[in-house]
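Undergrad:
Protein chains: 2
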Amino acid sequence: MAVLTIADLDDLARGAAFLGTGGGGDPYIGRLMAQEAMREAGGTVELMDLSAVPDDALVIAAGNMGAPTVLIEKIPGGDEPVQALRRLEAHLGRPADAVIPFEAGGVNSTLPLLIGAKTGLPVVDADGMGRAFPELQMETFGVYGVPAPPLAIVNEFGDSVVIEAHSDRMAEWIARGVTIRMGGQTSIAEYAMDGATAKRVSIPGTMTLAQRIGRCLRESRQRHIDPFAALIDLLPHTHYGLGRVLFTGKIADVLRETRHGFAIGRARIAGLDGWIGEMEITFQNENLVARQGGQVRAIVPDLICILDSETAEPITTEWLRYGQRVTVLGVGVPEIMRTPEALAVFGPQGFGLDEPFVPIEALLDIVPC
Amino acid sequence: MAVLTIADLDDLARGAAFLGTGGGGDPYIGRLMAQEAMREAGGTVELMDLSAVPDDALVIAAGNMGAPTVLIEKIPGGDEPVQALRRLEAHLGRPADAVIPFEAGGVNSTLPLLIGAKTGLPVVDADGMGRAFPELQMETFGVYGVPAPPLAIVNEFGDSVVIEAHSDRMAEWIARGVTIRMGGQTSIAEYAMDGATAKRVSIPGTMTLAQRIGRCLRESRQRHIDPFAALIDLLPHTHYGLGRVLFTGKIADVLRETRHGFAIGRARIAGLDGWIGEMEITFQNENLVARQGGQVRAIVPDLICILDSETAEPITTEWLRYGQRVTVLGVGVPEIMRTPEALAVFGPQGFGLDEPFVPIEALLDIVPC
């Protein structure tokens, strides 16, 4: 069992912002919330390796739901994620033995640590997305057979809802409606499963992966080496593989609306430093497609990450601004996220996109050596 | 304990449509559903006098929620009201001893009979509105201290939600959002209370009142006497008091939208048979204000009922059509519905109307003798 300290949070949050691919919510807020809870709890949280979770343990996924644009204006009180867990435990009639992040992106990497700090529960070093996705059915948990419901939702006033639904999509549909009525941000607990199942359906090591990515970006900056090159070198040593700079430029235009409970829109980036033409990135909380001159250069579920060209800090959807100098990285996701079952849920079709999924390696015409 | 038979349903549904004041949903659908359930159950349902409910009995209010305009296109499967009750019972960890209608209008007078027929539970001859209102906090139950939550909602697919909320208004807000996402019509169970409380906070005898009103309209028609006069004669013998014809005319225009989960709009009626000018009636599911030449002639919570001039059949909001010959009746509600606490919840302010509540007697300048 590893132990996470407050000192680890900065790297973890930065790496989680990268894996958030634009979404997942401002990691700064999540980091501050986890930091405060950990300070009160003595400074540490247990991080449990996925393989170490007992087969009969009750594992519950928890975090926040809603538009990241709302999160920065409606900051949580701090106890909601624990209350969501408690509400689901009460419904199930059994306490959780461990908490698992449902996404390894944005605030949802650090909020499980807050729950760990406040409850003493271990946090499993794994998740159900391997990145961030905007909808709750977009989980390897669900793809490989665990139902999202029963699902608990709470707000900052202690109002709560428990949803039972015949499908994860219906659970998402209802939960999104409740979240909108609760002001656009809520805490949820879902995908209750035993440890044996968790080992089968989760993407392992994504919390430590976020830490490694965050550390890589920080250290390369400190040592004045190119952080983008450093990260691209690191990725093949993780369960992610190929990473490439897709584009470098200046943000020329951002269209962003908070609609249907999501941050929906697109950013146009005008080429700089030898990059010609324009890249357009469309998003639904997370970045979905990167197009250059009408050609798809990367598409969901492969990662499309926008970073500050100067500092290599990942920029989340809600902080995209005209004039920012940015570098766009594309990263190929592991095969477990590219199976037909997985693509049916969180591939282009899952978002109503017309384009088929083409792996980034093929789009960039990279021949494996 | 009285016994209701299938033969009673016709009068009860007609009277409930009258008490629905335009809302509560098409009583024809509710009657058919209750009739079918009662036929399968041997033809009868127990109707329990409010005073006969044991003090320690668990009483649960149940019925349908949503826009009446949706109900006529999305007809319930028939088991949803029972499932809503079961879901709330499971949450409470205790079975109900009796069902109480939450409104004495439209389908929500007959759906509790369906539950009674399917479960064998007695149905209390009382309700929490004395009529129909569009929102779930608009209940004497709530006005006099019983919280609406925990509240169960189910749809025709077996999806369900249990809401806990810090206020009845918040419960309504969330439940309406869930109902919209579930297609605009759901079954709900709410206001769980003990029998002693039910006696304190309910409006007694409204199921038999609906029956008497329905019978009065039917018999007067059969005996070729003026049904409007007959009804106005009957009302002072009920806990309702004064009834008056407010207007007679032809529907000149109907504006009706299904918006925010409600049927919202207005009807304009052009005078006939000596009635001069126009009456305009605005509604949110139920009729809220009747104005003639800009002057308020009746206002919520007093009843504003639109009936077919020929047949004296009550016409619900969703069936209002250009050209119908109608007679508008105004009825004064009992004092328990006109207290400051009651008016704060379901008086004009509760609907965001600017006009204050003025009793129909004062508006019509009727001097009590």
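Going down the list, the protein sequences come from chains A and B.
Note that this note's numbering has the first sequence beginning at 5, numbered continuously upward.
Note that this note's numbering has the second sequence beginning at 5, numbered continuously upward.
A virtual CB, placed ideally from N, CA and C, is assigned to each residue, including glycine.
Just tell me which of B:243, B:365 and B:186 has its CA closest to the CA of residue 71 (chain B).
TA: B:186
Undergrad: Going residue by residue through the segment 34-104 of chain A, where are the continuous alpha helix (DSSP H) segments of at least 4 residues, counting only ones entirely within it?
TA: 72-75 and 84-96
Undergrad: Tell me the residue span of the alpha helix (DSSP H) that contains residue 137 (chain A).
TA: Unbroken run through residue 137 (chain A): none, as it is neither H nor E.
Undergrad: From the DSSP output, in three-state form, read off residue 215 (chain A) for me.
TA: helix
Undergrad: So, are the CB atoms of residue 296 (chain A) and residue 312 (chain A) less than 8 angstroms apart?
TA: no
Undergrad: Should residue 204 (chain B) be counted as a contact of the ligand MG given a C-beta to heavy atom distance under 7 angstroms?
TA: Although the ligand MG was asked about, the structure shown includes no ligands whatsoever.
Undergrad: For residue 9 (chain B), list the residues DSSP reports as bridge partners.
TA: B:48
Undergrad: From residue 90 (chain B) to residue 326 (chain B), what distance separates their C-alpha atoms?
TA: 42 angstroms
Undergrad: Name the residues in the segment 148-172 of chain A whose C-beta lies less than 7 angstroms from a C-beta of chain B; which are they?
TA: 161, 162, 163, 164, 165, 166, 167, 168, 169 and 170
Undergrad: Starting from residue 266 (chain A), trace the beta strand (DSSP E) in both directions and tell me its first and last residue.
TA: 266-275
Undergrad: Look at the alpha carbon of residue 162 (chain B) and the alpha carbon of residue 156 (chain A), and state the distance between them as a whole number of angstroms.
TA: 17 angstroms
Undergrad: In the DSSP assignment, find the unbroken alpha helix (DSSP H) run with residue 131 (chain A) in it and report its ends.
TA: No alpha helix (DSSP H) holds residue 131 (chain A); the beta strand (DSSP E) holding it covers 127-131.
Undergrad: Return the residues of the segment 241-261 of chain B that lie within a Cβ-Cβ distance of less than 7 angstroms from chain A, sorted by chain order.
TA: Residues of the segment 241-261 of chain B whose Cβ lies closer than 7 angstroms to any Cβ of chain A: none.
Undergrad: Quick check on the DSSP output: the beta strand (DSSP E) that includes residue 236 (chain A) runs from which residue to which?
TA: Taken as a continuous stretch (DSSP letters only), residue 236 (chain A) belongs to no beta strand (DSSP E), being part of the alpha helix (DSSP H) at 231-238.
Undergrad: List, in order along the chain, the chain B residues whose C-beta lies closer than 7 angstroms to that of residue 185 (chain A)?
TA: 177, 178 and 181
Undergrad: Using 8 angstroms as the limit for Cβ to Cβ distance, is residue 133 (chain B) near chain A?
TA: No, residue 133 (chain B) lies away from the interface with chain A (no Cβ there is under 8 angstroms from its Cβ).
Undergrad: When the Cα atoms are used, what is the spatial distance from residue 276 (chain B) to residue 335 (chain B)?
TA: 21 angstroms
Undergrad: Within the same chain, show all residues whose beta-carbon is closer than 8 angstroms to that of residue 222 (chain A), passing over the 5 residues directly before and after it, in chain order.
TA: Residues of the same chain with a CB within less than 8 angstroms of the CB of residue 222 (chain A), apart from the 5 flanking positions on each side, are 14, 15 and 18 in chain order.
Undergrad: Apart from the five residues just before and just after residue 130 (chain A), which ones in its own chain have a Cβ nearer than 8 angstroms to its Cβ?
TA: 54, 104, 105, 202, 206, 207, 208, 209, 210 and 211
Undergrad: Comparing alpha-carbon positions, which option in A:363, A:100, A:250 and A:139 lies nearest residue 428 (chain A)?
TA: With chain A running from 5 to 373 in the structure shown, residue 428 (chain A) is simply not present.
Undergrad: Less than 8 angstroms between CB atoms is the rule here; does residue 69 (chain B) satisfy it with respect to chain A?
TA: no
Undergrad: In the DSSP output, what is residue 331 (chain B) paired with across the bridge?
TA: B:252 and B:311
Undergrad: Mind checking which residues open and close the alpha helix (DSSP H) that includes residue 172 (chain B)?
TA: 172-185
Undergrad: Determine the closest residue to residue 315 (chain B) out of B:246, B:323 and B:228, with distance taken between C-alpha atoms.
TA: B:228
Undergrad: Since residue 286 (chain B) sits in a beta bridge, which residues does DSSP pair it with?
TA: When DSSP reads this structure, residue 286 (chain B) sits in a beta bridge with B:270 and B:293.
Undergrad: How would you write the range of the alpha helix (DSSP H) that residue 113 (chain A) sits in, first residue to last?
TA: 111-123
Undergrad: Tell me the rounded alpha-carbon separation between residue 345 (chain B) and residue 359 (chain B).
TA: 17 angstroms
Undergrad: Please confirm whether residue 142 (chain B) has its beta-carbon closer than 8 angstroms to some beta-carbon of chain A.
TA: no
Undergrad: Which residues in chain B have a C-beta closer than 8 angstroms to the C-beta of residue 174 (chain A)? List them in chain order.
TA: 161 and 163
Undergrad: What does the Cβ neighbour count give for residue 226 (chain B), buried or exposed, with the cut at 16 atoms within 10 Å?
TA: exposed
Undergrad: With a cut-off of 8 angstroms, do at least 3 Cβ pairs link the segment 25-37 of chain B to the segment 228-238 of chain B?
TA: no
Undergrad: Do the CB positions of residue 369 (chain A) and residue 337 (chain A) come within less than 8 angstroms of each other?
TA: Residue 369 (chain A) places its beta carbon 8 angstroms or farther from that of residue 337 (chain A).
Undergrad: Under 6 angstroms Cβ to Cβ from residue 31 (chain A), same chain only, skipping five residues before and after it: list those, please.
TA: Excluding sequence neighbours, residue 31 (chain A) sits near 17, 20, 21 and 110.
Undergrad: Could you check whether residue 95 (chain B) and residue 158 (chain B) sit closer than 8 angstroms to each other, using their CB atoms as the reference points?
TA: no
Undergrad: Using a Cβ-Cβ distance cut-off of 8 angstroms, determine whether residue 295 (chain B) contacts chain C.
TA: Given the protein chain composition of this structure (A and B), no chain C is represented.
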